[in-house]
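Data first, discussion second: the structure below is written as structure tokens.
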Amino acid sequence: MSGGVRTTAGPRKRGRVASGILSAQLLISGPLLVVIIALLFVSPSVYSSPVVFGMVFFFFALTAVSALVPWDSIPRLWGALLPFANLAGILVLREFDPQTGVGLLVVLPIIWIARTFGSTLTIAGVAGTILAMWGTRLLRGSPITWNDFVTFVVVPVLVGFVAGAIYVSSARGRAQAKLLRQHSSMVQVALEKASRQEGVLNELLNAVDFGVIAFDRTGTVTFVNRAQRQYLTDFGTPADAVVHPVIYQADGVTLYTEDDRPLNRALSGQAFDNLIIWVGEPGERRAAHSVSSRILHDREGEYDGGVIVLTDITKELEAVRARDDLIGSVSHELRSPLTSILGYLDLARDDDQLDEETRRMIDVAYANSERLLVIVTDLLRAASDADQQLAMSFTAGDVAQIARDSVEAHRVMAEEREVELVMDGADSAVAAIDPMRMRQVLDNLITNAIKYNREWGTVTVAVEPGAGGVSVEVRDTGQGIPEADLPRIFDRFYRTKSAKSSATVGTGLGLSITREIVHRHGGHLTVTSELGIGTTFRVTVPTERESSANAGARSVAA
Ligand code: ADP
């Protein structure tokens with residue numbers, strides 16, 4: 001694996017070292033050539049000097065070596081031979097005629113060494129140059145004069161200063177370059193990480209079975225996942241169209257206006273939940289999607305685009321429709337025989353020859369059939385989406401008596417489930433009620449309190465007349481209702497998870513009808529519950545009927 005890394009990094013590095021050496025050599029050979037050519041004009045005697053010609057050849061040879069040697073594939077220090085060879089050559093050339101000042105050119109290889117080969121070789125180069133100059137001068141043996149000031153002082157100071165300055169500045173440059181390289185490699189790593197994460201996120205979003213559309217702060221769509229593209233092509237819309245051009249509202253027939261289209265609402269910065277859209281023309285193959293949108297913010301809290309999620313809910317809506325159709329048709333079918341039973345029981349009650357006991361039994365059967373008809377009618381109403389109101393008729397009724405009747409009617413059920421049923425509170429509490437509906441409320445609450453109770457549990461029904469109206473509390477010692485479910489138990493057809501998974505039979509309609517009846521009385525219904533301890537429902541209805549407008553206001557507040 002490391003070999004693989006070297007081969008990829010190699011060619012770029014090799015080229016750089018070799019071309020650096022060649023250009024450094026040319027920067028020495030070039031000026032030297034100019035000086036030597038100038039010397040030919042100034043001092044024609046050099047024509048006869050083999051030293052000068054030898055040195056011209058020497059510098060050509062060095063230039064050739066710098067161009068031909070594969071510097072990148074040999075140790076870097078070998079490259080230092082070249083500036084030292086140049087130094088030696090210049091010193092030799094200087095010896096030919098020190099007065100020409102050609103010796104000053106030693107700063108060129110010294111610059112090269114100081115810039116490239118570190119402090120030790122720089123010191124060696126500087127010291128070697130100075131010693132060579134001083135040594136050759138002393139060896140000449142002639143007396144030292146002011147003319148030698150250049151050799152002994154100026155050149156050493158110049159060489160030393162240039163070497164020091166170049167070394168320091170290139171060391172700083174190298175440190176900065178290193179820092180830059182570190183930064184750029186950190187940026188590179190961060191970029192790679194970000195792009196890897198983006199890749200994983202895209203993979204994930206493409207793997208999920210709900211549609212996802214993301215857009216940036218300028219409103220440009222930046223991502224459409226595979227599921228969304230599939231939703232589009234399923235209905236003949238091109239995959240790059242982002243959304244379907246024609247969509248219908250929850251009723252399936254009303255077109256969305258341009259401003260109300262979920263994508264446009266999201267692009268204008270709105271967050272929303274579970275908007276229903278229908279795609280496909282009415283009467284043809286269709287699909288329903290639930291659309292939600294969320295707005296995103298950057299670290300500074302500024303708007304940074306958003307995301308839209310679309311879930312296919314066609315099956316759920318079809319199941320709801322099938323359930324409503326079934327409940328609707330079953331309750332419709334039950335209504336006719338029930339009405340007939342009621343009619344015949346009514347006729348039977350008119351028979352004067354009935355003995356007391358039979359009449360009492362027919363009355364009970366009649367009252368129960370009547371209640372059954374009310375329940376079936378409510379079921380029919382709940383199953384049809386129509387916004388029909390419950391039929392109600394108010395009178396002054398004794399809530400305590402109704403509660404007692406309901407408790408008595410549930411005795412058998414309670415005994416079967418080993419639950420103790422206790423009647424508590426006032427003996428009489430009159431309020432403005434629809435007695436049959438109030439009985440329906442108490443029946444629902446007491447049935448639930450028994451159904452969702454534990455063995456040997458207790459159900460207590462307590463009636464309290466008060467200034468604000470008459471209250472009835474139905475307390476049980478049952479399993480309780482999880483907090484998260486509390487706000488939903490009054491929804492139509494809602495049943496808690498534990499109720500659904502238990503053997504307890506139910507439709508999830510009882511509490512929604514109960515709440516509606518209580519609200520129609522202008523009263524309110526509250527629930528408190530503790531898991532494993534029990535649940536208490538409290539119904540409060542006003543003692544006197546208020547004007548319908550007020551009653552409506554109260555029921556909303558409740
Ligand atoms: P159901 O026909 O399922 O009883 P309801 O509308 O009467 O329908 O009740 C809705 C749900 O509320 C029930 O399914 C049950 O999960 C929960 N619930 C109602 N009353 C109680 C109670 N007393 N204790 C525990 N859970 C209850």
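If you number the sequence shown the way UniProt numbering does, the last residue is 558 and the count never jumps.
For each residue, glycine too, the CB sits at the ideal point set by N, CA and C.
Between which two residues does the beta strand (DSSP E) carrying residue i extend?
i, result
"Pro465", "458 to 466"
"Met423", "420 to 425"
"Arg538", "534 to 541"
"Val430", "430 to 433"
"residue 559", "No statement about residue 559 is possible, as the shown extent of the chain runs from 1 to 558 and does not include it."
"Val154", "Segment: none, Val154 is in no beta strand (DSSP E) and carries neither H nor E."
"Ile74", "Here Ile74 belongs to no beta strand (DSSP E), and DSSP marks it neither H nor E."
"Ala403", "That residue, Ala403, is in no beta strand (DSSP E); its alpha helix (DSSP H) goes 399 to 409."
"Val212", "211 to 215"
Where do the N-terminal and C-terminal ends of the alpha helix (DSSP H) with residue i fall, by residue?
i, result
"Arg137", "118 to 140"
"Leu380", "356 to 383"
"Val320", "314 to 349"
"Phe223", "Segment 221 to 224 is the beta strand (DSSP E) holding Phe223; no alpha helix (DSSP H) there."
"residue 564", "Here the chain comprises residues numbered 1 to 558, so residue 564 is not present and cannot be evaluated."
Compute the Euclidean distance between the alpha carbons of residue i and residue j, then round it to the nearest angstrom.
i, j, result
"Leu93", "Ile74", "30 Å"
"Ala271", "Leu263", "11 Å"
"Thr460", "Val320", "36 Å"
"Ala403", "Val527", "18 Å"
"Asn86", "Leu27", "11 Å"
"Asn453", "Gln228", "46 Å"
"Glu473", "Arg538", "4 Å"
"Gly328", "His524", "29 Å"
"Ala194", "Met186", "12 Å"
"Thr377", "Arg335", "8 Å"
"Val541", "Val243", "51 Å"
"Ala383", "Ser369", "21 Å"
"Gly552", "Arg545", "Bear in mind that the predicted position of Gly552 carries a pLDDT of just 34, short of 50, making it too unreliable to give a figure here."
"Ala322", "Ser331", "14 Å"
"Glu455", "Glu420", "9 Å"
"Arg359", "Tyr366", "10 Å"
"residue 561", "Val412", "As displayed, the chain neither begins before 1 nor continues past 558, which places residue 561 out of reach and without an answer."
"Ala190", "Thr507", "56 Å"
"Glu258", "Arg381", "35 Å"
"Ala557", "Gly522", "Only weak support exists for where Ala557 lies, its pLDDT of 29 falling under 50; the coordinates are left without a value."
"Asn225", "Leu205", "6 Å"
"Leu201", "Pro487", "35 Å"
"Val159", "Gln197", "55 Å"
"Val157", "Glu192", "51 Å"
"Gly20", "Ala124", "22 Å"
"Glu316", "Ala288", "9 Å"
"Thr222", "Glu300", "21 Å"
"Leu104", "His183", "41 Å"
"Lys13", "Asp72", "Because the pLDDT at Lys13 is just 47, under 50, the model does not fix this residue reliably, and the value given afterwards should be weighed accordingly. About 7 Å."
"Arg16", "Thr120", "23 Å"
"Thr63", "Pro70", "13 Å"
Query raised in the report: Is it true that the stretch 505 to 522 meets the stretch 443 to 458, where meeting means three or more beta-carbon pairs spaced less than 8 Å apart?
Result: Cβ pair count under 8 Å is three or more, so yes.
Query raised in the report: Are the stretch 213 to 233 and the stretch 300 to 307 touching by the rule of at least three beta carbon pairs closer than 8 Å?
Result: Segments in contact, yes.
Query raised in the report: Any contact of the stretch 243 to 257 with the stretch 271 to 286, i.e. 3+ C-beta pairs under 8 Å?
Result: Pairwise C-beta distances place the stretch 243 to 257 in contact with the stretch 271 to 286, as three or more of them are shorter than 8 Å.
Requested in this report: Note down, one range per segment and in chain order, each beta strand (DSSP E) of at least 3 residues found wholly within the stretch 463 to 532.
Outcome: You should have 469 to 476, 524 to 530.
Query - Cβ contact check for the stretch 335 to 346 and the stretch 386 to 404: 3 or more pairs under 8 Å - result: With a cut-off of 8 Å, the stretch 386 to 404 and the stretch 335 to 346 do not count as touching, because too few Cβ pairs lie within range.
**Report entry** Whole runs of the beta strand (DSSP E) within the stretch 252 to 291, excluding any shorter than 3 residues
**Finding:** For secondary structure counted as the beta strand (DSSP E) over 3 or more consecutive residues, the stretch 252 to 291 holds these complete runs in sequence order: 272 to 279.
Query raised in the report: Should the stretch 394 to 401 be called in touch with the stretch 430 to 437, which here means at least 3 C-beta pairs below 8 Å?
Result: The stretch 394 to 401 is in contact with the stretch 430 to 437.
**Report entry** Any alpha helix (DSSP H) of 4 or more consecutive residues that is wholly inside the stretch 79 to 108
**Finding:** Within the stretch 79 to 108, complete alpha helix (DSSP H) segments of at least 4 residues are found at 81 to 96, given in chain order.
Report task. Taking 8 Å as the threshold, find out whether the stretch 54 to 74 comes into contact with the stretch 101 to 121 through three or more Cβ pairs. Result -> The stretch 54 to 74 is not in contact with the stretch 101 to 121.
Query raised in the report: Any contact of the stretch 127 to 137 with the stretch 168 to 182, i.e. 3+ C-beta pairs under 8 Å?
Result: The stretch 127 to 137 vs the stretch 168 to 182: no contact.
Requested in this report: Specify whether the stretch 146 to 158 and the stretch 96 to 112 touch according to this definition: at least 3 beta carbon pairs, one from each stretch, less than 8 Å apart.
Outcome: Under the three-pair Cβ rule at 8 Å, the stretch 146 to 158 counts as touching the stretch 96 to 112.
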